[in-house]
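**Q**
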Amino acid sequence: MDQEMDVELVKKIKLWLRGIDMGDMLDDEIWQDVLACCADLRLSGVVKTDLDDPLIQQAIKLYCKAHFGYEEDSEKFQRAYDALKASLSLSGEYTGREGSN
Numbered sequence: 186m187d188q189e190m191d192v193e194l195v196k197k198i199k200l201w202l203r204g205i206d207m208g209d210m211l212d213d214e215i216w217q218d219v220l221a222c223c224a225d226l227r228l229s230g231v232v233k234t235d236l237d238d239p240l241i242q243q244a245i246k247l248y249c250k251a252h253f254g255y256e257e258d259s260e261k262f263q264r265a266y267d268a269l270k271a272s273l274s275l276s277g278e279y280t281g282r283e284g285s286n
């Protein structure tokens with residue numbers, strides 16, 4: 186995955202986080218969450234972390250909500266992220282393992 190910030194994805198994430206409106210002040214922090222999420226997915230065996238993929242975007246959304254400004258619901262979002270991560274790590278399409286579903 187390219188380390189250069191995907192500005193459009195950061196804009197999407199701000200909307201997912203209920204329209205955070207602080208200009209560009211939080212962009213680096215949000216981007217670090219994207220990188221951390223993708224690294225966490227790779228640690229679980231997920232090799233396909235294409236930022237345009239809807240399931241990867243959903244994982245990023247849940248990860249960001251669990252780690253960024255949703256204190257009262259962070260555990261709920263973390264559980265949802267962990268469940269999606271587990272599903273992705275069992276899918277041959279995302280792990281590159283032949284014959285896995």
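The numbering used here numbers the first residue of the sequence shown as 186 and each following residue consecutively. Think of the CB as a built atom: it goes at the ideal place given N, C-alpha and C, for glycine as much as any other residue.
Measuring CA to CA, which of 213, 275, 242 and 228 is closest to residue 190?
**A** Selected option, being the one with the closest Cα: 213.
**Q** DSSP three-state call for residue 238: helix, strand or coil?
**A** Three-state result, residue 238: coil.
**Q** When burial is assigned at 16 or more other CB atoms within 10 Å of the CB, is residue 220 buried or exposed?
**A** Its Cβ having fewer than 16 others within 10 Å, residue 220 is exposed.
**Q** Assuming residue 202 and residue 250 form a contact by the criterion Cβ under 8 angstroms, report the distance between their Cβ atoms to the nearest whole angstrom.
**A** That pair is a contact at about 7 angstroms.
**Q** Once DSSP output is grouped into helix, strand and coil, what is the label at residue 191?
**A** The answer is coil: DSSP assigns residue 191 none of H, G, I, E or B.
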